[in-house]
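Everything on this sheet refers to the single structure shown next.
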Amino acid sequence: ILNVEQSPQSLHVQEGDSTNFTCSFPSSNFYALHWYRWETAKSPEALFVMTLNGDEKKKGRISATLNTKEGYSYLYIKGSQPEDSATYLCAQPPNQAGTALIFGKGTTLSVSS
Amino acid sequence: EPEVTQTPSHQVTQMGQEVILRCVPISNHLYFYWYRQILGQKVEFLVSFYNNEISEKSEIFDDQFSVERPDGSNFTLKIRSTKLEDSAMYFCASKLAGNTDTQYFGPGTRLTVL
Numbered sequence: 003i004l005n006v007e008q009s010p011q012s013l014h015v016q017e018g019d020s021t022n023f024t025c026s027f028p029s030s031n032f033y034a035l036h037w038y039r040w041e042t043a044k045s046p047e048a049l050f051v052m053t054l055n056g057d058e059k060k061k062g063r064i065s066a067t068l069n070t071k072e073g074y075s076y077l078y079i080k081g082s083q084p085e086d087s088a089t090y091l092c093a094q095p096p097n098q099a100g101t102a103l104i105f106g107k108g109t110t111l112s113v114s115s
Numbered sequence: 018e019p020e021v022t023q024t025p026s027h028q029v030t031q032m033g034q035e036v037i038l039r040c041v042p043i044s045n046h047l048y049f050y051w052y053r054q055i056l057g058q059k060v061e062f063l064v065s066f067y068n069n070e071i072s073e074k075s076e077i078f079d080d081q082f083s084v085e086r087p088d089g090s091n092f093t094l095k096i097r098s099t100k101l102e103d104s105a106m107y108f109c110a111s112k113l114a115g116n117t118d119t120q121y122f123g124p125g126t127r128l129t130v131l
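One line per chain: the protein sequences are A and B, in this order. Heads up: the first sequence is residues 3 to 115, going by our numbering. Heads up: the second sequence is residues 18 to 131, going by our numbering.
Now the structure itself:
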C-alpha cells in the first residue's frame, strides 16, 4: 500500500522567513508527485506535477524539487507572506494505470506578520 | 478560469438517511473523482469515473455509495444510508486526460451525520 508522509505536521514562521517542508514516498514504482495548496474553505489549488528525478518547478516564491531515487520532494517558500498560510498537500498515483491520488496528511503553515 | 463547483457547501443529515452530493466538473474534462477527508485524517480516494463507468474504487466505496453522471455536466455521489462515520468533507475533482495531468478540486461539501 502506497504511504505518503509529510513533515513537519505544522509550522509557524514570521513574515519574510523562508521555509521548506518534505514529502516522502516509496522510491520504487514512482509515477508522479503532485503538490497542492489548500486554504480553509477553498478548493485545494494545484501547484506542481513532477515526474522526473531531479525535476525543479517554480511558481512565484514557491518552488519544489524531486528526488525519486531516495523518495522525497521538498517544497520551498521564499520570503513567506501571511497569504501563504495554508495546508500544503503532496500526493501520488499508486500505479501507472491508475489515476487516483494517495495523499499525505499535509503540512499546515502559519505565517505571522 | 474554469473551476469545479460543488453543492451544497454543508449538508446535515440524520443517520440512515440518503444524501446526494453534487459536482459540476470542468466542462472538457474526461476523468472525475470523489475524495473525502475525515477531520484530522488524510484526504482519501473514494472513486474515479471515466467514459460513463467507474474506473477505480477504494475499499471505502462499498455498496452504500454510488456515483452517476446523469447529464453532460453533473457528477453526483450518493450515500444510501448514512452512518456517523460518513461525516467528512467530500471533494469532487476532475482532470482532462493523461495520467500525470493535474486534478482540479472543488471546494468540498461538509457532510455531518447526526
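Beta carbons: idealized from backbone N, C-alpha and C, even for Gly.
Self-check item: Distance, E17(A) Cα to S114(A) Cα
Solution: Within the first sequence, the letter at position 112 stands for residue 114(A). Within the first sequence, the letter at position 15 stands for residue 17(A). Cα-Cα distance, rounded: 6 angstroms.
Quiz item: At a Cβ threshold of 8 angstroms, is I104(A) touching chain B?
Solution: On the first sequence, residue 104(A) is found 102 positions in, with the first residue counted as 1. Yes, because at least one Cβ of chain B sits closer than 8 angstroms to the Cβ of I104(A).
Quiz item: Does the pairing of the segment 17 to 33 of chain A with the segment 19 to 27 of chain B give three or more beta-carbon distances under 8 angstroms?
Solution: no
Exercise. Measure from the C-beta of V15(A) to each C-beta in chain B and report whether the shortest distance is under 8 angstroms.
Key: Along the first sequence, read from residue 1 onward, the residue named residue 15(A) stands at position 13. Output row for V15(A): interface = no.
Quiz item: If we call anything under 8 angstroms between Cβ atoms a contact, is G73(A) one with A93(A)?
Solution: On the first sequence, position 71 is the one that residue 73(A) refers to. On the first sequence, position 91 is the one that residue 93(A) refers to. No, these two residues do not count as a Cβ contact at 8 angstroms.
Quiz item: In its own chain, which residues sit with a C-beta less than 7 angstroms from the C-beta of N144(A), not counting the 5 before and 5 after it?
Solution: In the structure as shown, chain A begins at 3 and stops at 115. Residue 144(A) is therefore absent and cannot be evaluated.
Quiz item: With 8 angstroms set as the bound, which would you pick, yes or no: does the beta-carbon of P46(A) sit closer than that to a beta-carbon of chain B?
Solution: By one-based count along the first sequence, residue 46(A) stands at place 44. At least one chain B Cβ lies under 8 angstroms of P46(A).
Quiz item: Does the segment 24 to 35 of chain B touch the segment 90 to 102 of chain B, meaning 3 or more C-beta pairs lie closer than 8 angstroms?
Solution: yes
Quiz item: Name the residues in the segment 28 to 45 of chain A whose C-beta lies less than 9 angstroms from a C-beta of chain B; which are they?
Solution: Y33, A34, H36, Y38, W40, A43, K44, S45
Quiz item: If we call anything under 8 angstroms between Cβ atoms a contact, is A43(A) one with M52(A)?
Solution: Within the first sequence, the letter at position 41 stands for residue 43(A). Within the first sequence, the letter at position 50 stands for residue 52(A). No, Cβ-Cβ distance for A43(A) and M52(A) is not below 8 angstroms.
Quiz item: By how many angstroms is the C-alpha of S12(A) removed from the C-alpha of A88(A)?
Solution: By 1-based counting over the first sequence, the position of residue 88(A) is 86. By 1-based counting over the first sequence, the position of residue 12(A) is 10. Approximately 10 angstroms between the Cα atoms of the pair.
Practice problem: Tell me whether E102(B) sits in a helix, a strand or coil according to DSSP, three-state version. | Solution: Here the question's residue 102(B) lines up with position 85 in the second sequence. Helix at E102(B).
Self-check item: Cβ of Y107(B) within 8 angstroms of any chain A Cβ
Solution: In the second sequence, counting from the first residue as 1, residue 107(B) sits at position 90. Chain A contact via Cβ: absent.
Self-check item: Where E20(B) falls: helix, strand or coil (DSSP)
Solution: Within the second sequence, numbered from 1, the residue matching residue 20(B) stands at position 3. If DSSP states are grouped into helix, strand and coil, E20(B) belongs with coil.
Quiz item: Given that V113(A) touches chain B, what residues does it touch there, using C-beta distances under 8 angstroms?
Solution: Numbered from its first residue, the first sequence carries residue 113(A) at position 111. The contacting residues do not exist; V113(A) stays about 22 angstroms from chain B at best.
Quiz item: Should P10(A) be flagged as near chain B, meaning a C-beta pair shorter than 8 angstroms?
Solution: Reading the first sequence from its first residue, position 8 is the one you call residue 10(A). No - not a single Cβ of chain B is within 8 angstroms of the one on P10(A).
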